[in-house]
Amino acid sequence: MRLLEFYKRQITVARIFGIPVRFDYRWFVVFFLSVWLIAMNLARGGMWVGIVQLPPFSVAAAWILAVITTVGLFLSVLGHELSHALMGRAEGIEIEEIVLHPFGGLARLRNEPESPRAEFRIAIAGPTASFLFAAISFVVMLPTVRSGYLTAGGVLLLLGAGNLLLAVFNLFPGYPLDGGRVLRALLWRRTGDIKEATRLAGICGMLISAILIIFGVYMAIAPTFKAYFMGFWSVLVGLFLFDAAYSVVKHVRGRLRNVVSEAMTAPFSIEPDLLISKLIDSVLPLHRQVAFPVALNSQLHGMLSLEDLKTLPRERWHLTRARDVMRPIAPRFFVEPNATLDYAQELMKRNGIGSVAVVGKSGELIGFLQTGRFKRTKRRRAKAPA
Ligand SMILES: [Zn+2]
Numbered sequence: 016m017r018l019l020e021f022y023k024r025q026i027t028v029a030r031i032f033g034i035p036v037r038f039d040y041r042w043f044v045v046f047f048l049s050v051w052l053i054a055m056n057l058a059r060g061g062m063w064v065g066i067v068q069l070p071p072f073s074v075a076a077a078w079i080l081a082v083i084t085t086v087g088l089f090l091s092v093l094g095h096e097l098s099h100a101l102m103g104r105a106e107g108i109e110i111e112e113i114v115l116h117p118f119g120g121l122a123r124l125r126n127e128p129e130s131p132r133a134e135f136r137i138a139i140a141g142p143t144a145s146f147l148f149a150a151i152s153f154v155v156m157l158p159t160v161r162s163g164y165l166t167a168g169g170v171l172l173l174l175g176a177g178n179l180l181l182a183v184f185n186l187f188p189g190y191p192l193d194g195g196r197v198l199r200a201l202l203w204r205r206t207g208d209i210k211e212a213t214r215l216a217g218i219c220g221m222l223i224s225a226i227l228i229i230f231g232v233y234m235a236i237a238p239t240f241k242a243y244f245m246g247f248w249s250v251l252v253g254l255f256l257f258d259a260a261y262s263v264v265k266h267v268r269g270r271l272r273n274v275v276s277e278a279m280t281a282p283f284s285i286e287p288d289l290l291i292s293k294l295i296d297s298v299l300p301l302h303r304q305v306a307f308p309v310a311l312n313s314q315l316h317g318m319l320s321l322e323d324l325k326t327l328p329r330e331r332w333h334l335t336r337a338r339d340v341m342r343p344i345a346p347r348f349f350v351e352p353n354a355t356l357d358y359a360q361e362l363m364k365r366n367g368i369g370s371v372a373v374v375g376k377s378g379e380l381i382g383f384l385q386t387g388r389f390k391r392t393k394r395r396r397a398k399a400p401a
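Add 15 to a position in the sequence shown, counting from 1, and you land on the number used in the working numbering.
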């Protein structure tokens with residue numbers, strides 16, 4: 016279990032237009048697999064580029080070309096996600112991060128799109144970019160091959176095909192694929208009911224995943240194909256998608272939207288001047304929270320984590336005030352009420368205090384979310400009839 020956690024830990028590799036780009040360690044496995052597969056095929060020779068066939072490459076050349084191609088494919092996925100992110104920003108949504116995982120990528124938005132139009136534009140931006148990359152690769156490939164640069168032509172062919180696949184696959188009309196988001200936007204606009212639109216798009220996503228899994232098993236065992244790797248990969252992607260689609264369908268029942276305002280509790284805050292001794296004697300017994308928003312006249316000043324008090328000697332409790340030990344206000348300690356629950360959960364996991372304050376447009380404290388309580392709220396809501 017701990018090993019799995021290690022592989023899932025994310026590292027920030029770059030910051031583009033101020034957006035952090037992260038991936039986890041599993042991604043390196045996929046990177047290596049891709050390089051290996053391409054290198055094996057190039058060393059064997061026989062790939063068709065247009066009407067000419069590539070000769071076998073030396074092992075060193077095959078590996079170098081495979082690395083170049085894989086980096087190119089990786090940049091293609093990044094370009095796809097960046098298009099979603101920049102379109103989201105153009106629609107007024109803040110972008111939390113871009114995560115590259117073994118099955119592609121994800122541009123994580125801070126809030127849900129406000130309208131079907133915004134949802135549609137953000138969803139379609141990714142595949143549009145991929146189609147564009149594919150077209151550029153193919154257009155540049157033709158004169159390259161004609162001038163005799165077969166190797167460069169081969170790399171461009173793989174990049175073109177990779178991007179075309181990325182665009183087409185993502186347009187399958189099942190949530191959470193881009194095509195599923197397009198479908199959700201269309202249904203949402205027609206009926207005005209985002210909940211039902213999400214549920215239907217999610218069910219389509221589950222159907223598509225099931226098809227992928229069946230297709231994968233068939234590819235692997237049918238005597239005509241024996242495409243083990245492709246079959247295995249298709250099953251993996253299918254399972255991954257099914258899991259995501261199923262959780263969307265399951266959660267949509269109890270809630271209108273996955274937003275913070277529906278799961279938060281009323282805020283209980285302490286004043287910056289409150290003595291720690293007072294907090295421990297008279298506040299803690301009544302309010303079982305892992306952290307307390309520190310606020311004055313409803314304006315959030317910081318967060319006080321009980322974890323931080325552990326290092327404070329008992330004899331200093333009556334000399335220390337909340338302001339002295341609180342963590343000063345920072346973006347990782349608060350969310351807006353219309354932020355997604357996913358985002359809030361991520362934040363609570365990472366910010367070191369297991370909770371977040373909910374803050375309105377003008378900075379006033381309006382709610383509080385804490386990991387344990389949040390889960391209970393979620394479960395209770397999931398049980399409630401729709
Ligand atoms: Zn996409």
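Ideal Cβ placement from N, Cα and C applies to all residues, glycine included.
As the structure is a computational prediction, the values presented were derived from the model and not from experiment.
Problem - Within the segment 289 to 322, ranges of the alpha helix (DSSP H) (whole runs, at least 4 residues) - result: none
Practice task
Helix, strand or coil for Ile26, going by three-state DSSP, please let me know.
Solution key: Judged by DSSP in its simplified three-state form, Ile26 adopts strand.
Problem - Leu364 versus Glu112 - alpha carbon distance - result: For clarity, residue 364 is Lys in the given sequence; the question names Leu instead. Rounded to the nearest angstrom, the two C-alpha atoms are 15 Å apart.
Exercise for the section: Would you kindly work out how many angstroms separate the C-alpha atoms of Leu101 and Val114, rounded to a whole number? Expected result: 15 Å
Practice task
Measuring from each Cβ to the nearest heavy atom of ligand 1, keep the ones under 6 Å and list them in chain order.
Solution key: Taking a cut-off of 6 Å from the heavy atoms of ligand 1, the residues with a C-beta inside it are His95, His99, Gly141, Asn185 and Asp193.
Practice task
Can you give me the start and stop residues for the beta strand (DSSP E) that Ser370 sits inside?
Solution key: Ser370 to Val374 is the span of the beta strand (DSSP E), which, as asked, contains Ser370.
Problem - Beta-carbon proximity of Leu384 to Ala278, cut-off 8 Å - result: yes
Handout entry: Contact set for Val170: own chain, Cβ-Cβ below 8 Å, skip 5 residues either direction
Key = Leu80, Ile83, Thr84 and Gly87
Practice task
Could you check what DSSP says for His95 in three-state terms: helix, strand or coil?
Solution key: helix
Problem - Alpha-carbon to alpha-carbon, Ile108 and Leu324 - result: Rounded to whole angstroms, Leu324 to Ile108 spans 36 Å at the Cα level.
Practice task
Compare the beta carbon distance of Ala149 and Gly175 with 8 Å and say whether it is the shorter of the two.
Solution key: yes
Exercise for the section: Kindly indicate which residue of Leu289, Thr326 and Asp296 has the alpha-carbon position closest to the one of Ala310. Expected result: Leu289
Handout entry: Other residues of its chain near Ala29: CB distance less than 7 Å, five sequence neighbours each side excluded
Key = Only Val36 meet the Cβ criterion.
Handout entry: With 16 other Cβ atoms within 10 Å as the buried cut-off, status of Pro128
Key = Flag for Pro128 reads buried.
Handout entry: Identified DSSP bridge partners for Phe383
Key = Thr280 and Ala372
Exercise for the section: Out of Ser145, Gly207 and Pro328, state which residue places its alpha-carbon closest to the alpha-carbon of Val92. Expected result: Measuring C-alpha to C-alpha distances from Val92 to each of Ser145, Gly207 and Pro328 identifies Ser145 as the nearest.
Practice task
Given a cut-off of 8 Å, decide if Asn366 and Arg338 are closer than it, judged by their beta-carbon atoms.
Solution key: no
Exercise for the section: Indicate the three-state DSSP secondary structure (helix, strand or coil) for Thr355 in the structure shown. Expected result: strand
Problem - Secondary structure of Asn366, DSSP reduced to three states - result: coil
Practice task
Would you kindly work out how many angstroms separate the C-alpha atoms of Gly382 and Val275, rounded to a whole number?
Solution key: 9 Å
Handout entry: With 16 other Cβ atoms within 10 Å as the buried cut-off, status of Ser370
Key = By the neighbour-count rule (16 or more Cβ atoms within 10 Å), Ser370 is buried.
Handout entry: C-alpha distance - Ser224 paired with His333, whole-angstrom precision
Key = Distance between the alpha carbons of Ser224 and His333 is about 60 Å.
Problem - Endpoints, the alpha helix (DSSP H) within which His266 is located - result: Tyr243 to Val267
Problem - Segments of 4+ residues assigned as alpha helix (DSSP H) that fall wholly inside the segment 177 to 247 - result: 193 to 206 and 209 to 236
Problem - Cβ shell of Phe118 (< 7 Å), same chain only, five flanking positions each side left out - result: Val252 and Phe255
Problem - Residue of Pro352, His116 and Val45 minimising C-alpha distance to Asp39 - result: For the residues Pro352, His116 and Val45, the minimum Cα distance to Asp39 belongs to His116.
Practice task
Give a yes or no on contact between the segment 191 to 202 and the segment 235 to 250, applying the rule of three or more CB pairs nearer than 8 Å.
Solution key: no
Exercise for the section: Please state if the CB of Ile291 and the CB of Leu327 are separated by a distance shorter than 8 Å. Expected result: yes
Practice task
Compare the Cα-Cα distances from Val74 to each of Trp63, Ala306, Asn56 and Val154 and report the closest residue.
Solution key: Asn56
Handout entry: Cutoff 6 Å; reference Gly246; Cβ partners in own chain excluding five residues on either side
Key = Around Gly246: Gly231, Met234 and Ala235.
Handout entry: Ile110 - containing alpha helix (DSSP H), residue span
Key = Looking at the DSSP string, Ile110 is not in any alpha helix (DSSP H); the run it does join, the beta strand (DSSP E), is Ile110 to His116.
Problem - Distance CB(Pro352)-CB(Gly375) smaller than 8 Å - result: yes
Problem - Between the CA atoms of Leu173 and Phe46 - distance to the nearest angstrom - result: Taking C-alpha positions only, Phe46 is separated from Leu173 by approximately 15 Å.
Problem - Neighbourhood of Ser49 by C-beta, 6 Å cutoff - its chain only, sequence neighbours within 5 removed - result: Thr85
Practice task
Under the assumption that Ala105 contacts Pro142 (Cβ atoms under 8 Å), give the Cβ distance between them as a whole number of angstroms.
Solution key: Incorrect: roughly 17 Å between the Cβ atoms, too far for contact.
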